[in-house]
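In this note's numbering, the protein residues as written are 9 to 520. The beta carbon of each residue, even a glycine, is placed where N, CA and C say it ideally should be. Let me begin by presenting the structure, written as C-alpha cells, before commenting on it.
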C-alpha cells in the first residue's frame, strides 16, 4: 500500500492510488506522505515501547523491511523524520527491544533495513548520515571487546554484546549488494577489528548462541553475491579476507574436535555440535568458491592459512558418522558442498590424502549420489566428474597428483567400476529427479575407465533374456555412436542427449 502511495512521487496517480487517496481524504488522514509518516511513527513506537513483545516486534520489522524494499516507498521513507531518527539512534538506549535476548534475530532484520535505506541512491544525503557514522556505535562496541583479554572476553558479561554485534553486522552485510558498499564495510573492519572474530571463536566455541551468531555473520560476509567481493587487481584484500576466515574456522574447528564425541542418539547433538560444524563448512565453502582469492599464493609464500583450513574442515567432515550426515539436511549440504569444492579446486590436497581417507570420502559421495535430494545427488555427481575428468586429462603425466591418484586406484581398483554401475543403475532404474544430476559424470567416467563401462554392460546383458540382450546391445551401440574421446562442451551435450534417448529405449524392455 505504501509503495503504491509513494509512486505518486514519480508519476500520475493510478486508479488504485486515487481510491486510496479518496479513502485518506474521507478519513482526514492527509496525503500519502502523512499516512506513511503515521505508519512509520507507529513502527518506531512499537519498537520503543513494546520491547518484550517478540511477535509484535517481528511483525513491525517485517513491515518496515517491506516498505524499504520498494523503490518508491524507500524514497518516501528517506524523507521522514522518524526514519532519520532510527538511522541515527539504532542502539539499546533508544530502542530497548535490542537489549531483549529473545529479540536477537530481529536485530539482523532491523539493521538490514536501515542499511538498505542508507545505501540506496541518495540515502546518505537524505538521512544526513554517512555509512561510517551509521556503524560508529557498533565499531565502538567491537573496539571495547577487542581490547579484552581472552579470559575477560569469555566472561558472561560479554555474551550479549557479542551476539548483538554479530547479528547487527550480519544484517548490514546482507544489504551490501555491490563492490563499493562491500568495500566500505571491509575497510571499517580490516585490519583493526577482524582479529576479534577468531578470538571469539576460540573462547566461545562451546556456546551455540554466540558461535552461531559469529558464523552466520562470517557466512554472509564471505558470500560473493552479485560479485560484490571484488577488490582492485593490486589489492591483497581477498587473501587477507580468506586468512581471517581461515583463522575463525580453524579456531572453532580445533576446539570442537577436542571436545568429547557425543553419541548420535543424544537429543541436542545437532545444536551442540553439528549446527556449528555445518555453518563453519558453509563459511569455508563461500570463501573457497567466492572467486576472490588466488589460492596458489599461499603455497608460493609458505602461508599455511589454506592448508590449515582445509585440514581442519576435512577433520570435522570425517568426524561425523555418515548416518548423521544424511540425517541432518543442513549438515549434509555443507558436507557435500565442501567435498565437491575440494575435488574441484584443490586436487593436490585431495590426492595427497591417505587412501583410506580418500575412500571414506568416496564412500560418502557414493551414498550421497543415491540421495532423494536432487541438490545432494548433483553435488556428488559433480565430485565424481571432477575426479574422472582430472584422471582422463592427465593420464600418463608425471605430476604428483597423478602419481598419488594412481596409487589410490591401484589400492582400490574397483572404485571406477562401482561408480559406473551406480550411475547407470540410477539412470535406468532411479527416481526421475536424479537423472540430470547423474548424466554429467558418465562421459568422463567412461573415458577415464573404459573397462568399467564394459564390465557394467556385460553384467547388465547377462541379466536379460536373449531377446532383450539384442535390443540392449543396439541401445548401447546407438549410445556410443559418434561420441568422441573428448570432454569438450559440444561432446558432453551430445552424449547427454544420447543418454536420455538410451534411458527411454532401455526402460521400454528391460527386466529387473
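Check your understanding: Considering residue 254, what are the terminal residues of the alpha helix (DSSP H) in which it resides?
Key -> 245-266
Practice item. Please look up how many angstroms separate the CB atoms of residue 209 and residue 147, rounded, as I've assumed it's under 8 Å. Key: Not a contact, Cβ separation roughly 20 Å.
Exercise for review: Flag this pair as touching only if the region 195-209 and the region 234-244 have three or more C-beta atom pairs under 8 Å; answer yes or no.
Suggested key: no
Review point. From residue 348 to residue 492, what distance separates their C-alpha atoms?
Key: 26 Å
Review point. Pick from 279, 54, 307 and 333: whose alpha carbon is nearest that of residue 67?
Key: 54
Exercise for review: Within the same chain, show all residues whose beta-carbon is closer than 6 Å to that of residue 324, passing over the 5 residues directly before and after it, in chain order.
Suggested key: 261 and 285
Check your understanding: Can the beta-carbon of residue 309 be found less than 8 Å from the beta-carbon of residue 264?
Key -> no
Check your understanding: Using the rule of at least 16 other Cβ atoms within 10 Å of the residue's Cβ for burial, across every protein chain shown, is residue 121 buried or exposed?
Key -> buried
**Study point:** Within-8 Å CB hit, residue 66 to chain C
**Key:** No chain C appears in this structure, which consists of one protein chain only.
**Study point:** residue 158 and residue 128 closer than 8 Å at C-beta
**Key:** no
Check your understanding: In three-state terms, what does DSSP make of residue 70?
Key -> helix
Review point. In its own chain, which residues sit with a C-beta less than 6 Å from the C-beta of residue 555, not counting the 5 before and 5 after it?
Key: Limits of the chain in this structure are 9 at one end and 520 at the other, which puts residue 555 out of reach.
Check your understanding: For the 8 Å Cβ check, are there 3 or more pairs between the region 165-180 and the region 105-118?
Key -> yes
Check your understanding: Quick one, are the C-beta atoms of residue 317 and residue 266 less than 8 Å apart?
Key -> no
Check your understanding: For the candidate residues 374, 102 and 108, whose alpha-carbon lies nearest to that of residue 597?
Key -> Because the chain in this structure spans residues 9 to 520, residue 597 falls outside the shown range and cannot be described.
Review point. Can you name, in chain order, every residue of its own chain whose Cβ lies under 6 Å from the Cβ of residue 379, other than the five neighbours on each side?
Key: 385
Review point. How would you write the range of the alpha helix (DSSP H) that residue 58 sits in, first residue to last?
Key: Residue 58 -> no alpha helix (DSSP H), and no H or E assigned at all.
Practice item. Please name the residue in 449, 502, 420 and 481 whose C-alpha comes closest to that of residue 366. Key: 420
Check your understanding: What did DSSP end up calling residue 199 once you bin it into helix, strand or coil?
Key -> coil
Review point. For residue 452 versus residue 509, is the C-beta spacing smaller than 8 Å?
Key: no
Exercise for review: Closer than 7 Å by C-beta to residue 137: which residues in its own chain qualify, once you throw out the five before and the five after it? Chain order, please.
Suggested key: 95, 96 and 126
Review point. For residue 406, does the count of other Cβ atoms within 10 angstroms reach 16, so buried, or fall short, so exposed?
Key: exposed
Exercise for review: Could you tell me the distance, in whole angstroms, from the CA atom of residue 180 to the CA atom of residue 290?
Suggested key: 19 Å
**Study point:** Alpha-carbon to alpha-carbon, residue 377 and residue 23
**Key:** 55 Å
**Study point:** Rounded C-alpha distance that separates residue 56 from residue 91
**Key:** 13 Å
Review point. If you count every other CB in all the chains shown that lies within 10 Å of the CB of residue 84, and 16 or more means buried, which is it?
Key: buried
Review point. How big is the Cα-Cα spacing for residue 211 and residue 225?
Key: 17 Å
Review point. CB residue 472 to CB residue 518, shorter than 8 Å?
Key: yes
Practice item. Assign residue 482 to one of two classes, buried (16 or more other C-beta atoms within 10 Å of its C-beta) or exposed (fewer than that). Key: exposed
**Study point:** Where residue 29 sits in the DSSP three-state scheme
**Key:** helix
Check your understanding: Under a three-way DSSP split, which group does residue 116 fall into?
Key -> helix
Check your understanding: residue 507: buried (16+ other C-beta within 10 angstroms of its C-beta) or exposed?
Key -> buried
Practice item. Please list, in chain order, all residues of the same chain as residue 187 whose beta carbon is under 6 Å from its beta carbon, the five residues on each side excluded. Key: 236 and 238
Point to revise | Coil, strand or helix - residue 457 by DSSP | key: coil
**Study point:** Of the residues 89, 74, 443 and 131, the one placed nearest residue 52, counting alpha carbons only
**Key:** 89
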